[in-house]
Every structure is written in C-alpha cells, then in structure tokens.
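Chemist:
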C-alpha cells in the first residue's frame, strides 16, 4: 500500500489522479443544491490551511456532515477541473472525515481554485501556478 | 456474544473514530474471553495489567449486565490503587464526555461512585473533571441529569468528601454557580428536585465546613450574592453579616476577611468545559488580529446560541482574566489581545442582567486589588479595553467607567472604603507597571463625558483615599515583604 504523504494547499496542482492528502479547516459553506433526476445533493465549501485555501466540492451526505469550524482530513482526494471550475473533492476513491474543530490556523488567500495554472518551464508536462513559474 | 459497533461513543457520519475509543475497543477484543471466570491466578505483567484494565473499562462502560462480575474482577486484580482504571475514565471524561452514549454515561457516573467507595487513586481528579462537564447555560435534560447525579454522589459520600477539601470546595463553587442559573428557570418536577439537591448540598457545606470554604476566597462572595433570593441563602447572608461568629472560624469576623483572600486560579477552570478552554487558549495564543472574526462566530455558534447560554460569558471572562496570562512574546506579537476578546464577549450579552454580571466579572479583581498578592495581569484587560476604545468606541469607555464607579459606590455600601482602596490600588498599579503610561489619556480626553472625567479626577485624587492607600502600602511592604510570592512582573512595552 502506498504511503500517504500529506501536503499543504499551496502545493495543489490540477491532476487527474486521486493523490491529495491534506488536513484543512472548513471556513465557509455554500448552500446545498439538488441536481439531476436523482436529486443528488451538491455543495461547495471554502476550506483552508495555513498556506492557502481552495473550493471543496461535497456530494450527497457529505453536504450535511461538515460545518464551518470543522477540521477535515481528506485522503486520496482529487483536485481537478469540473465544469470549468477547479475543485478539490474526495472523489470515488478518496475519503473525507472530521477530525476536530476550531484549533487550526488558516488563510483566506490565495485561493487555489482561482489560480491560473500553466505548464512548468522546465517540465512542460507538469502544471504550476502562474505566480510560481520558474525561470528557464 | 456480539458487541454492537461503537457502543461507547456516538459518531456522526464522516466523523473519525477517537483514539481512546479505538484502544479500549481493541483491548476488549483481545481479552474479552478472559473477562469471565475462572480468573487467572497469576499476577499480570505491567503491560498485561494495563491491557486488562482497558478491556475491563470498555466492558464496564458498555455492558451493564456484566457489571457485577466485571467489578469483582476489577477489585481482585487492582494492584495499583485503581490508578490506570481511574486514569482511563479521567481521559475519557476530559476528551470524550460529550460523545458518550447514554449507557456508558450512566455507567461512568456509577463507576465514579464505586471508585469513591474504595478511595481509588485519582478519583478526586475524576470528580473534578466530571464537575467541569456540567455545561454552564445548558438546560437540556442530559446536562441537568449530570448535575443531579454528581450532587447525589457527593451528598451520599459525605464522609469521603470532607476529607477532600479540593473536591469539596470545587463542588461548592460549581453548584453555587449553577444554582444561580437554575433558580431563575421555570419550575418542573425534575428541576425542583435538582434545585433542592443543590441548595441542600451547598448549605450543608457552608454551614459545616466554612473553614474550608474560606479557601475559595473573594469569588465566593460573588457567587453567594446571586443567591440572595433563595430563603436558605438569605438566612446564611444574615449570619455572614450580623453573626459571623456563628460559623466558628478563627480568622473570620467580617466579610473583609474573605475579600482579602484571592481566589486560587484553578476554581475558574471549573465553569468552562475542557473544549472551551482549549478553544480560548488557541484563540489567545495563535490567532492574529483581524483573523479572529471567523473563530468568534464559530465559538458563539457552539456555546452562545441557545437561549440562556450567554450566562457562561461571566465564567469565560473570569477564566480569561485569571487563568490565561499571555507571555511577553505573545503580548508583543500580532496575536489578538485579551481585551479585544472580552470586548466581543460583552457585546454578545443580549440582556442587561447578563451584561451587568459580565462587567462585574471583568472588574471583580479591581475591587479588592492588593499589589502584593494580586497580579497585574488580572486587571490589565479591563484597563486596556477602556483606553483602547478611545476614541472610536467611546460608548464602551463610558459604559465601563460608569459601571466601575457604580460598583465602587454600591457593591458593598458598608465596606465602600475597602473597595475604593482596591480600585485606587488597581489604577496605581496599572500606571506603575506600565500597562498605561498614565491616566491622562482618560482625564484629558475631550471625548470622555465631563461628568466621568470629573468623577475619575475626584476619585484618583481624593486626599483621604490617597493617604489611606499610602498607609496600606507601608503596611504591606513592612509586614508582607516575605510573603510577596514571586509573581512575575509583566513589564509591557506598550506601543
């Protein structure tokens, strides 16, 4: 089994793989909407750590489970584009659980969901935030 | 025999399992077959004993039908005065109590009384932790149940209790404080029974162990004042004022003898929960100015949203003034200051009754301030809230100063000079230690009402007060030099 490595939100880059392991605090929660024939519940929340924040997509029962102030551990999550929005989510193979409340510092900028990502100068197959672009 | 999943703690969906729950359940899984007789006659190794104790704790908490046999096993195997067992229950109480399911909760209280019966090691700490678990401003059934259970357990174990002064006085502190809130609630059979238990317990302690009660110090008077409307306490007050000898305690002949005693800080932990304490310490240690908004909203939502819950603000303010003294590094850093948090808490009081009590809680240490035994850090938040509100929030400055003078004049009319001296001493110490450069910031403030400026001037330069204050300082430095316990001098460099 692969060893999990925990990351900070500032190091998020969009990818198709579910490899995001992070501990965050839920800062603000949007309203829950019901989508499609099955009325699947969806909700987007702002989550953050000491380095950055990001928009976190919740599905189904997740929407009712988490509240502002909750400290959440995301394992094997995905950070990818969905309907032209960059969102962090647990995904089908990931998991999310509440591990605490309140006692975590956070910042409300930069928001990684609003970053422009461009190919890295030295390694074009890798995406990096435009602001972190290294000189060739 | 199957054990239901999660018989100990309640988990909401997507909630991580608690570490303590996991280890207790694991110990049970490993050893549950050994929990039935015949019990082994060999003495277990320390690690085996620890595991056995944890397994027994899990079973005792979650399988009430097996209580008799498990207790037998516990008593037979305890070789450490029940230290590990009680510590396990203590950890559970401190870290998981709010999540305990009803059966384990009932069992926990039952086990506490059993441990008192055998005078188990650390059972005093367990009782105190459980007392903290009675939430202030929470009038739901489970919370009132806990309150009644503890009152019953302590009343039923009086002989044990009178040999445990810390538990006795802590329990008194807690029930006096709760009674003030419970007495104002609408009656009902459960509540009436609870009030009767609380009154009976408190009066018994006060009438029989007053010499121990004195150890609580001046906040005892603050607590007793809110109970004046209760007939039994009215009688007590009559005796306190008119017949102090009735209490038969050498060294107590007047209320001033109690005012003189500073309440030890640990009492103020009793009225805030373990989680509330952790959150307040985190807020005041790590959260920077400007970032406190979110945390304040979350704190208010969790602790101050139910009707009547604002009563706990009084206890939070006592905690902040007395139990959280930031280091020099924190004061000089960008972390939010105590005065700002207290300002927010005062604003959160919706009703006058609670706001008045909250302000009294903020100024209480001023009233009897004695530079040799009291800490400048107890009185610093109030002063800084007053001056920092100039000029943008003058209504706060006015409100606090008005209140302070009102209290000086009316708190204890017969002992007004004692209180005036205390407050004068507080002002002087605040200037002497550099919390404020001088009081000119108030006296020369043209935004401050002329009435208050005059009142402040008159108060500070009252010749009678000043000379009495000088006398006291001379007395104190002469007689009490050796008693000046090294209270660290918090010299601030105020920008």
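Protein chains in written order, with UniProt numbering: chain A, 1 to 136; chain B, 1 to 495.
Just so you know, even glycine gets a beta-carbon here, dropped at the ideal spot from N, CA and C.
No experiment lies behind these values; they were computed from the predicted model shown.
What is the DSSP secondary structure of residue 67 of chain A, counted as helix, strand or coil?
Modeler: coil
Chemist: Cutting at 6 Å between CB atoms, please list the residues of its own chain near residue 203 of chain B, excluding the five before and the five after it.
Modeler: 232
Chemist: So which residues on chain A does residue 10 of chain B lean against when the C-beta distance must stay under 8 Å?
Modeler: Using a Cβ-Cβ cut-off of 8 Å, residue 10 of chain B is close to nothing in chain A; its nearest Cβ partner there is about 13 Å away.
Chemist: Check the C-beta distance from residue 15 of chain B over to residue 97 of chain A and give it rounded, since I have them as a contact under 8 Å.
Modeler: 6 Å
Chemist: Counting only Cβ pairs nearer than 8 Å, list the residues of chain B close to residue 81 of chain A.
Modeler: Going along chain B, no residue has its Cβ under 8 Å from residue 81 of chain A, so there is no contact; the nearest lies around 25 Å.
Chemist: Hey, could you find the ends of the alpha helix (DSSP H) residue 121 of chain A is sitting in?
Modeler: No alpha helix (DSSP H) contains residue 121 of chain A, which DSSP labels as neither H nor E.
Chemist: Any contact of the stretch 167 to 184 of chain B with the stretch 213 to 225 of chain B, i.e. 3+ C-beta pairs under 8 Å?
Modeler: yes
Chemist: In angstroms, rounded to a whole number, what distance separates the CA positions of residue 20 of chain A and residue 313 of chain B?
Modeler: 41 Å
Chemist: Residue 53 of chain A: which of A:124, A:117 and A:107 sits nearest, CA to CA?
Modeler: A:107
Chemist: Could you check which residue in B:320, B:209 and B:414 has the C-alpha nearest to that of residue 242 of chain B?
Modeler: Here the closest residue by C-alpha is B:414.
Chemist: What separation, rounded to the nearest whole angstrom, lies between the Cα atoms of residue 39 of chain A and residue 64 of chain A?
Modeler: 15 Å
Chemist: May I ask you to report which of helix, strand or coil DSSP gives residue 86 of chain B?
Modeler: helix
Chemist: Could you say which of B:330, B:247, B:259 and B:315 lies nearest to residue 287 of chain B if we only look at CA atoms?
Modeler: B:330
Chemist: Give the residues of chain A in contact with residue 326 of chain B, contact being defined as C-beta atoms less than 7 Å apart.
Modeler: Taking a Cβ-Cβ threshold of 7 Å, none of the residues of chain A is close to residue 326 of chain B; the smallest such distance is about 17 Å.
Chemist: Please state the DSSP three-state secondary structure of residue 100 of chain A.
Modeler: strand
Chemist: Quick one: residues in its chain with C-beta nearer than 7 Å to the C-beta of residue 60 of chain B, no 5 flanking neighbours on either side, listed in chain order?
Modeler: 67, 70, 107 and 111
Chemist: Could one say the Cβ of residue 160 of chain A lies closer than 8 Å to chain B's Cβ atoms, at least one of them?
Modeler: Here chain A has residues from 1 to 136 only, and residue 160 of chain A is not among them.
Chemist: In chain order, what residues of the same chain lie with their CB nearer than 7 Å to the CB of residue 146 of chain B, ignoring the 5 residues before and after it?
Modeler: 133 and 134
Chemist: So, residue 317 of chain B versus residue 345 of chain B, is the Cβ gap smaller than 8 Å?
Modeler: yes
Chemist: Using the C-alpha atoms, what's the distance from residue 76 of chain A back to residue 90 of chain A?
Modeler: One C-alpha to the other measures close to 7 Å.
Chemist: Return no unless some Cβ of chain B is closer than 8 Å to the Cβ of residue 103 of chain A.
Modeler: yes
Chemist: Taking C-beta pairs closer than 7 Å, name the residues in chain B that residue 65 of chain A reaches, listed in chain order.
Modeler: 12, 13 and 14
Chemist: Please classify residue 28 of chain A: does DSSP put it in a helix, a strand, or coil?
Modeler: strand
Chemist: Can you find the residues in the same chain that come closer than 6 Å, C-beta to C-beta, to residue 502 of chain B, ignoring five residues on each side of it along the sequence?
Modeler: What is shown of chain B runs 1 to 495, which leaves residue 502 of chain B out entirely.
Chemist: Any beta-carbon of chain A closer than 8 Å to the one on residue 340 of chain B?
Modeler: no
Chemist: Measuring only the C-alpha atoms, how far is residue 238 of chain B from residue 160 of chain B?
Modeler: 30 Å
Chemist: Does the stretch 109 to 123 of chain B come within contact of the stretch 286 to 306 of chain B, defined as at least 3 CB pairs closer than 8 Å?
Modeler: no
Chemist: Flag residue 278 of chain B as yes if its beta-carbon sits less than 8 Å from any beta-carbon of chain A, otherwise no.
Modeler: yes
Chemist: Name, going along the chain, the residues of the stretch 46 to 80 of chain A whose beta-carbon falls closer than 8 Å to a beta-carbon of chain B.
Modeler: 61, 62, 64, 65, 66, 68, 69 and 73
Chemist: Looking at chain A, is there any beta carbon in it that lies within less than 8 Å of the beta carbon of residue 228 of chain B?
Modeler: no
Chemist: Could you tell me the alpha carbon to alpha carbon distance between residue 126 of chain B and residue 93 of chain B, rounded to whole angstroms?
Modeler: 8 Å
Chemist: Quick check: the stretch 81 to 88 of chain A against the stretch 109 to 122 of chain A, are there 3 or more CB pairs under 8 Å?
Modeler: Because the criterion of three Cβ pairs below 8 Å is met, the stretch 81 to 88 of chain A and the stretch 109 to 122 of chain A touch.
Chemist: Along the chain, where does the beta strand (DSSP E) that runs through residue 129 of chain A open and close?
Modeler: 127 to 129
Chemist: Out of A:30, A:34, A:7 and A:12, which one is the CA nearest neighbour of residue 81 of chain A?
Modeler: Considering only alpha carbons, the answer is A:12.
Chemist: Does residue 24 of chain A have its Cβ less than 8 Å from a Cβ in chain B?
Modeler: With 8 Å as the cut-off, residue 24 of chain A does not count as an interface residue toward chain B.
Chemist: Span of the beta strand (DSSP E) holding residue 33 of chain A?
Modeler: 33 to 35
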